[in-house]
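Numbering (the numbering used here), first residue to last: 172 to 350.
Structure follows, in structure tokens:
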């Protein structure tokens with residue numbers, strides 16, 4: 172009841188999903204890790220794929236960046252579609268993880284801008300959302316985004332999807348370069 176008074180229905184669902192994901196990860200990591208394993212954090216190499224995370228929820232962004240770095244990726248974050256577009260101009264990204272429901276400029280609109288400015292060189296864009304309505308899925312997978320990751324998801328699901336799209340994108344670049 173107190174949570175409902177403070178948060179909107181969407182925010183309450185987001186907090187619930189985040190907490191559920193954190194608890195699942197904590198339980199899995201406690202079973203799999205030795206007590207000192209946390210001190211040995213993975214530092215991605217400069218050659219590691221660079222992933223841009225766009226989500227209006229700061230906790231989600233930080234969690235994703237942490238997951239990516241632990242999996243050996245480099246990552247940066249944007250809090251909305253406008254920040255994402257600014258960052259996309261500054262550095263070549265290997266992939267984009269993007270929440271589709273962000274204020275100001277949602278993920279679908281931001282993906283459209285990326286395609287318009289980058290053309291064939293646009294990196295894989297993976298949509299993230301707890302919204303599993305068929306219409307949302309059709310919009311997301313209608314050509315602007317490469318795939319759809321339903322929240323909450325595991326680190327393994329995230330990494331597998333990213334690697335699959337990074338490999339596919341690398342093959343596409345080789346073919347277009349004549350290699």
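C-beta atoms are modelled at their ideal positions from N, C-alpha and C, and glycine is treated no differently. All of these numbers come straight from a predicted model, not from anything done at the bench.
So what does DSSP say about residue 320, is it helix, strand or coil? Looking at residue 320 - three-state DSSP - the assignment turns out to be strand.
Contact the region 254-262 vs the region 230-241: 3+ CB pairs below 8 Å: With the cut-off at 8 Å, the region 254-262 and the region 230-241 do not touch.
Leaving out five residues before and five after residue 281 in sequence, what residues of the same chain have Cβ atoms less than 6 Å from its Cβ? 252 and 255, listed in sequence order.
Quick one: what does DSSP say residue 238 is sitting in, helix, strand or coil? It is helical.
Pair within 7 Å by beta-carbon distance, residue 329 and residue 266: Result no, Cβ atoms of residue 329 and residue 266 do not sit closer than 7 Å.
Where does residue 304 sit, in a helix, a strand or coil, going by DSSP? In the structure shown, residue 304 sits in coil (DSSP, three-state: anything other than H, G, I, E or B).
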